[in-house]
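Order-wise, the sequence lines are chains F and W.
Numbering of the first sequence is given in the working numbering, commencing with residue 37 and proceeding in unit increments.
Numbering of the second sequence is given in the working numbering, commencing with residue 37 and proceeding in unit increments.
Worksheet for the structure shown next.
Protein chains: 2
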Amino acid sequence: MANGQTAEIYGIAAATGQRIDPAYPVSSLADVDAACRAADAAFDVYRATDAETRAAFLEEIAVEIERLGDSLIERAATESGLPVARITGERGRTIGQLRLFAAVVRDGRWREIRIDPAMPDRQPLPRPDLRLRMVPLGPVAVFGASNFPLAFSTAGGDTAAALAAGCSVVVKGHPAHPGTDAMIAGAIGRAVSTCGLPAGVFGHVRGPGNELGSALVAHPLIAAVGFTGSRGGGLALMRLAQERPVPIPVYAEMSSINPVVLMPAALAARGADLGRAFVASLTMGAGQFCTNPGLVVAVASDGLDAFEAAAAAALAAHAPQPMLTAGIRDAYARGTAALAGNAAVTQLATGLAGDGIASENARLFATDADAFLADRALGEEVFGASSLVVRCRDAEQVRAVLAGLEGQLTATIHLDQADHDAARPLISVLERRAGRVLANGWPTGVEVAHAMVHGGPFPATSDGRSTSVGTLAIDRFLRPVCYQDLPADLLPPELTDEAGGPRLVDGHPA
Amino acid sequence: MANGQTAEIYGIAAATGQRIDPAYPVSSLADVDAACRAADAAFDVYRATDAETRAAFLEEIAVEIERLGDSLIERAATESGLPVARITGERGRTIGQLRLFAAVVRDGRWREIRIDPAMPDRQPLPRPDLRLRMVPLGPVAVFGASNFPLAFSTAGGDTAAALAAGCSVVVKGHPAHPGTDAMIAGAIGRAVSTCGLPAGVFGHVRGPGNELGSALVAHPLIAAVGFTGSRGGGLALMRLAQERPVPIPVYAEMSSINPVVLMPAALAARGADLGRAFVASLTMGAGQFCTNPGLVVAVASDGLDAFEAAAAAALAAHAPQPMLTAGIRDAYARGTAALAGNAAVTQLATGLAGDGIASENARLFATDADAFLADRALGEEVFGASSLVVRCRDAEQVRAVLAGLEGQLTATIHLDQADHDAARPLISVLERRAGRVLANGWPTGVEVAHAMVHGGPFPATSDGRSTSVGTLAIDRFLRPVCYQDLPADLLPPELTDEAGGPRLVDGHPA
Numbered sequence: 037m038a039n040g041q042t043a044e045i046y047g048i049a050a051a052t053g054q055r056i057d058p059a060y061p062v063s064s065l066a067d068v069d070a071a072c073r074a075a076d077a078a079f080d081v082y083r084a085t086d087a088e089t090r091a092a093f094l095e096e097i098a099v100e101i102e103r104l105g106d107s108l109i110e111r112a113a114t115e116s117g118l119p120v121a122r123i124t125g126e127r128g129r130t131i132g133q134l135r136l137f138a139a140v141v142r143d144g145r146w147r148e149i150r151i152d153p154a155m156p157d158r159q160p161l162p163r164p165d166l167r168l169r170m171v172p173l174g175p176v177a178v179f180g181a182s183n184f185p186l187a188f189s190t191a192g193g194d195t196a197a198a199l200a201a202g203c204s205v206v207v208k209g210h211p212a213h214p215g216t217d218a219m220i221a222g223a224i225g226r227a228v229s230t231c232g233l234p235a236g237v238f239g240h241v242r243g244p245g246n247e248l249g250s251a252l253v254a255h256p257l258i259a260a261v262g263f264t265g266s267r268g269g270g271l272a273l274m275r276l277a278q279e280r281p282v283p284i285p286v287y288a289e290m291s292s293i294n295p296v297v298l299m300p301a302a303l304a305a306r307g308a309d310l311g312r313a314f315v316a317s318l319t320m321g322a323g324q325f326c327t328n329p330g331l332v333v334a335v336a337s338d339g340l341d342a343f344e345a346a347a348a349a350a351l352a353a354h355a356p357q358p359m360l361t362a363g364i365r366d367a368y369a370r371g372t373a374a375l376a377g378n379a380a381v382t383q384l385a386t387g388l389a390g391d392g393i394a395s396e397n398a399r400l401f402a403t404d405a406d407a408f409l410a411d412r413a414l415g416e417e418v419f420g421a422s423s424l425v426v427r428c429r430d431a432e433q434v435r436a437v438l439a440g441l442e443g444q445l446t447a448t449i450h451l452d453q454a455d456h457d458a459a460r461p462l463i464s465v466l467e468r469r470a471g472r473v474l475a476n477g478w479p480t481g482v483e484v485a486h487a488m489v490h491g492g493p494f495p496a497t498s499d500g501r502s503t504s505v506g507t508l509a510i511d512r513f514l515r516p517v518c519y520q521d522l523p524a525d526l527l528p529p530e531l532t533d534e535a536g537g538p539r540l541v542d543g544h545p546a
Numbered sequence: 037m038a039n040g041q042t043a044e045i046y047g048i049a050a051a052t053g054q055r056i057d058p059a060y061p062v063s064s065l066a067d068v069d070a071a072c073r074a075a076d077a078a079f080d081v082y083r084a085t086d087a088e089t090r091a092a093f094l095e096e097i098a099v100e101i102e103r104l105g106d107s108l109i110e111r112a113a114t115e116s117g118l119p120v121a122r123i124t125g126e127r128g129r130t131i132g133q134l135r136l137f138a139a140v141v142r143d144g145r146w147r148e149i150r151i152d153p154a155m156p157d158r159q160p161l162p163r164p165d166l167r168l169r170m171v172p173l174g175p176v177a178v179f180g181a182s183n184f185p186l187a188f189s190t191a192g193g194d195t196a197a198a199l200a201a202g203c204s205v206v207v208k209g210h211p212a213h214p215g216t217d218a219m220i221a222g223a224i225g226r227a228v229s230t231c232g233l234p235a236g237v238f239g240h241v242r243g244p245g246n247e248l249g250s251a252l253v254a255h256p257l258i259a260a261v262g263f264t265g266s267r268g269g270g271l272a273l274m275r276l277a278q279e280r281p282v283p284i285p286v287y288a289e290m291s292s293i294n295p296v297v298l299m300p301a302a303l304a305a306r307g308a309d310l311g312r313a314f315v316a317s318l319t320m321g322a323g324q325f326c327t328n329p330g331l332v333v334a335v336a337s338d339g340l341d342a343f344e345a346a347a348a349a350a351l352a353a354h355a356p357q358p359m360l361t362a363g364i365r366d367a368y369a370r371g372t373a374a375l376a377g378n379a380a381v382t383q384l385a386t387g388l389a390g391d392g393i394a395s396e397n398a399r400l401f402a403t404d405a406d407a408f409l410a411d412r413a414l415g416e417e418v419f420g421a422s423s424l425v426v427r428c429r430d431a432e433q434v435r436a437v438l439a440g441l442e443g444q445l446t447a448t449i450h451l452d453q454a455d456h457d458a459a460r461p462l463i464s465v466l467e468r469r470a471g472r473v474l475a476n477g478w479p480t481g482v483e484v485a486h487a488m489v490h491g492g493p494f495p496a497t498s499d500g501r502s503t504s505v506g507t508l509a510i511d512r513f514l515r516p517v518c519y520q521d522l523p524a525d526l527l528p529p530e531l532t533d534e535a536g537g538p539r540l541v542d543g544h545p546a
């Protein structure tokens with residue numbers, strides 16, 4: 037607790053439950069306040085930096101993370117229980133993300149510059165000179181996520197996007213990986229220093245419980261919040277942010293069961309193959325992905341039987357890996373027990389029993405569409421390698437199941453050519469409910485790209501108008517300002533006639 | 037009330053307080069529900085229309101409004117008390133806005149199409165084909181505003197932007213101009229029919245009180261809200277929208293005092309001219325503009341004395357026009373009485389007394405910066421032709437006054453060349469607090485253009501990330517969707533390789 041009951045926290049090795057040295061001091065509420073004040077003071081300096089300075093800073097963070105070398109990989113793998121190969125890939129993604137945002141900053145399109153030149157002779161009234169650019173919102177609070185200790189955490193997507201936008205950042209490191217968090221925070225701090233930026237550009241606090249995070253979101257100098265975590269946590273932050281004297285935007289990624297629709301021709305052609313590939317996606321990283329395929333929807337058929345049989349066989353041979361934390365493991369156990377105990381639900385398979393702490397094996401359940409439509413609890417996320425097959429009577433029932441879903445990060449459809457006509461109206465249903473619609477693939481890979489959307493209608497996120505992955509994420513932390521008739525020497529440099537860079541003049545690319 | 041206590045409402049002539057025939061039936065809660073259901077049913081059809089269909093629809097609304105001819109002008113002028121010339125200009129703006137959005141829809145840049153082509157041979161993992169477009173949010177609830185019976189009302193900016201984005205719309209017409217509202221709703225309805233669109237594309241309800249509007253915002257099929265009105269009204273809608281099982285975005289434009297900074301050299305050179313021009317802006321439309329200059333900030337000087345003297349003289353000669361409604365008149369009377377009764381405030385001038393219902397004359401007050409900084413009430417909006425001059429000791433105090441302001445729609449600075457160096461840091465302060473920063477002009481004209489921002493940090497609006505005027509407003513009602521590896525014949529037409537239109541491919545214009 038931040039009030040002094042606990043003065044320090046330790047990392048816990050996910051595979052053993054053992055405490056790892058060293059201890060890390062828990063931040064106080066005074067630390068939160070100091071970090072926010074420093075972030076606000078640094079904001080005016082940082083937002084005024086030119087594109088090159090800001091891009092070089094993002095690249096320097098990437099270099100500093102690389103310099104941490106194998107010790108970062110080892111620490112993150114130990115704290116998270118995720119395999120070294122996965123963490124190594126995640127580091128590459130994190131570094132690549134920082135470099136991609138550096139390129140975005142240099143490109144300048146994010147400024148959305150628009151110029152409507154003066155028309156002094158227009159009748160009945162002259163038109164003033166109008167120039168628009170995007171400006172950063174202000175200091176941003178970022179919450180590290182447990183399930184991506186690098187890519188969605190201290191130097192993850194929200195931090196990279198906010199820094200790219202010109203916002204200073206205060207990170208609350210996730211207490212499940214304090215060592216990883218401290219190493220990354222150190223790397224960012226060194227980059228701040230190397231680049232000659234004010235220290236407050238990046239602030240950092242840590243601690244268990246909700247008190248610090250609540251204080252951060254409630255702090256009057258914080259202008260926006262980025263969060264990846266549970267539905268309960270996200271809803272609490274949304275409420276806090278709205279109850280402030282000055283409400284602020286919250287980008288919370290919360291809850292998604294990522295429906296996978298299996299169309300009849302695809303099932304008939306390759307039901308068993310789909311079943312095996314599905315289990316590979318379901319069990320990756322112990323199922324601890326926001327995009328984990330937690331729901332399978334299909335018309336009952338021989339092909340679906342083959343899918344289920346192959347999936348069950350694959351799952352039964354799957355050895356569990358330890359989950360991220362004891363809390364996540366307990367929640368998974370509760371969620372799967374509730375499904376197993378539901379009279380309308382059949383358990384199709386369980387994975388291998390693990391040894392020691394890796395006690396939670398993967399699970400595959402089935403129910404029918406009538407039961408699913410009658411019980412909202414069956415549509416709730418169980419974070420981990422658990423999924424539910426919903427067997428439908430006919431295509432109309434598939435449509436009804438999909439139409440009844442809450443907002444989702446992803447929606448997947450497996451189909452063959454013969455399925456296209458029947459799939460078309462379903463895609464229309466899915467795109468109203470999801471941020472990403474994918475065909476003949478699995479939702480668990482989220483490419484960091486210009487065209488990626490990792491977002492979606494509530495409750496997948498608190499704000500379906502944006503993405504937390506990909507270059508469009510920079511928009512989260514920007515707002516437009518119009519400058520009317522400003523003398524040229526008082527205009528922001530990028531808005532002058534002489535400045536290069538992409539712009540619309542009278543609505544057309546110049 | 038919608039519960040049947042009052043079955044109909046009448047327009048009131050603002051200049052006389054007299055009831056105008058005919059009566060208009062008040063909508064019931066069942067009407068709200070029916071309009072929302074129809075809007076939802078129409079949404080899937082309407083969002084799938086091509087750009088030409090949607091653009092032609094917007095243009096047809098403009099034609100239908102033109103066809104209403106002088107009877108619209110007369111009715112709007114009578115209900116609002118605004119001069120015929122102003123209403124005529126506002127009609128032109130409303131029609132021009134619809135046509136500008138038609139051009140935006142045809143241009144296609146609003147779709148923000150991004151394509152990251154597949155890289156099947158990439159190592160260690162192939163990249164899927166990713167295609168992003170913006171899609172409409174869903175049915176939008178729009179609240180007509182009292183002070184712009186055309187441009188911010190039934191067929192105003194929010195309606196035009198939402199329809200352009202592909203959203204169906206349910207308007208709650210403002211009860212202060214039910215006749216104008218009915219004429220415009222009829223015009224839109226005819227355009228819907230002419231264009232062969234489902235009737236639910238445009239829904240309309242009317243009634244006094246808050247019950248209907250609350251039901252509209254709480255309706256599960258509504259996906260976003262546009263509102264222009266009081267701070268209390270906007271805050272209530274924000275709360276309602278957040279308390280829904282599925283929270284939705286609210287774009288409420290609420291409260292702004294639009295600071296005007298007078299720099300020393302400008303004041304010295306033309307203090308009296310500035311004073312007269314200021315009063316022209318202040319009293320336009322009885323001061324009933326969201327961008328009305330309600331605060332003047334300057335260092336005490338001979339130039340400021342000249343400004344005040346000229347402003348006081350101009351104001352003293354100003355004859356009032358009737359205000360929009362009795363409620364607005366009463367609120368103005370209370371607000372100005374509070375200022376007049378504040379011991380720290382001096383009344384510099386009052387306008388001429390009006391006759392009859394035009395009883396509320398313009399007011400100009402002054403105070404000093406110490407008093408202003410000590411009393412937050414002095415920074416609250418008084419809707420109408422009232423303004424407060426804050427006399428500062430020095431430039432540092434000007435800065436302190438500006439830095440202490442809440443979020444604003446606009447911030448204005450009057451300056452001469454000799455003021456530029458001192459103005460530069462003030463502009464930096466102002467752009468953190470306002471959606472539009474203007475030099476050597478007055479905030480009351482809001483150009484409908486590509487580079488306009490009519491928005492700003494809370495409480496100017498509920499969401500400073502957008503604008504309610506100008507073409508960027510279409511973004512309010514859009515969210516991104518990514519399509520991954522979709523077969524070409526299942527892609528939305530604008531996302532295919534063959535489609536024309538602006539797009540980024542791997543982040544670069546194609």
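Quick reminder that beta carbons are idealized off the backbone N, C-alpha and C, glycines included.
What residue from the options has the CA that sits closest to residue i's CA?
{"i": "leucine 31 of chain F", "options": "F:Met219, F:Asp143, F:Ala485", "result": "Missing from the structure shown is residue 31 of chain F; chain F here goes from 37 to 546 and no further."}
{"i": "valine 465 of chain F", "options": "F:Ala302, F:Val482, F:Thr446, F:Pro479", "result": "F:Thr446"}
{"i": "glycine 245 of chain F", "options": "F:Ala459, F:Thr52, F:Val62", "result": "F:Val62"}
{"i": "alanine 43 of chain W", "options": "W:Thr52, W:Ser64, W:Ile56, W:Asp57", "result": "W:Ser64"}
{"i": "leucine 414 of chain W", "options": "W:Val437, W:Asn397, W:Asp106, W:Gly243", "result": "W:Val437"}
{"i": "leucine 384 of chain F", "options": "F:Arg150, F:Ala346, F:Ala355", "result": "F:Ala346"}
{"i": "glutamate 88 of chain W", "options": "W:Ala75, W:Ala74, W:Ala201, W:Asp511", "result": "W:Ala201"}
{"i": "leucine 136 of chain F", "options": "F:Leu526, F:Met155, F:Gly192", "result": "F:Gly192"}
{"i": "alanine 352 of chain W", "options": "W:Gly125, W:Glu396, W:Gln278", "result": "W:Glu396"}
{"i": "glycine 339 of chain W", "options": "W:Phe325, W:Ala308, W:Ala349", "result": "W:Ala308"}
{"i": "leucine 409 of chain W", "options": "W:Arg399, W:Phe419, W:Ala380", "result": "W:Ala380"}
{"i": "isoleucine 149 of chain F", "options": "W:Met488, W:Ala398, W:Ala196", "result": "W:Met488"}
Would you verify that the beta carbon of residue i is, or is not, closer than 8 Å to some beta carbon of chain F?
{"i": "serine 292 of chain W", "result": "no"}
{"i": "arginine 135 of chain W", "result": "no"}
{"i": "serine 464 of chain W", "result": "yes"}
{"i": "arginine 427 of chain W", "result": "no"}
{"i": "methionine 37 of chain W", "result": "Summary for methionine 37 of chain W: the model assigns pLDDT 40, below 50, so the residue's position carries little reliability; its value from the coordinates is reported in the next sentence. Chain F contact via Cβ: absent."}
Determine, for residue i, whether the minimum Cβ-Cβ distance to residues of chain W falls below 8 Å.
{"i": "glutamine 159 of chain F", "result": "no"}
{"i": "glycine 40 of chain F", "result": "Unreliable placement is indicated for glycine 40 of chain F, whose pLDDT of 47 sits below 50; the coordinate value is still reported in the next sentence. Judged by the 8 Å Cβ criterion, glycine 40 of chain F is not in contact with chain W."}
{"i": "glutamine 444 of chain F", "result": "no"}
With which residues is residue i paired in a DSSP beta bridge?
{"i": "aspartate 404 of chain W", "result": "W:Arg427"}
{"i": "cysteine 203 of chain W", "result": "Note: cysteine 203 of chain W sits in no beta bridge, so no partner."}
{"i": "methionine 155 of chain F", "result": "F:Arg163"}
{"i": "threonine 382 of chain F", "result": "F:Ala402"}
I want to know whether the stretch 238-246 of chain W touches the stretch 382-389 of chain W - three or more CB-CB distances under 8 Å. As far as the Cβ criterion goes, the stretch 238-246 of chain W does not touch the stretch 382-389 of chain W, which means the pair count is below three.
How about the stretch 444-463 of chain F and the stretch 289-302 of chain F: do they share at least three Cβ pairs that are nearer than 8 Å? Contact between the stretch 444-463 of chain F and the stretch 289-302 of chain F is established, with three or more Cβ pairs separated by less than 8 Å.
Cβ pair count under 8 Å reaching 3, the stretch 165-172 of chain F against the stretch 199-215 of chain F: Touching, per the Cβ criterion.
Could you give the uninterrupted runs of the alpha helix (DSSP H) lying entirely in the stretch 473-509 of chain W, keeping only those of 4 residues or more? Within the stretch 473-509 of chain W, no complete alpha helix (DSSP H) run reaches 4 residues.
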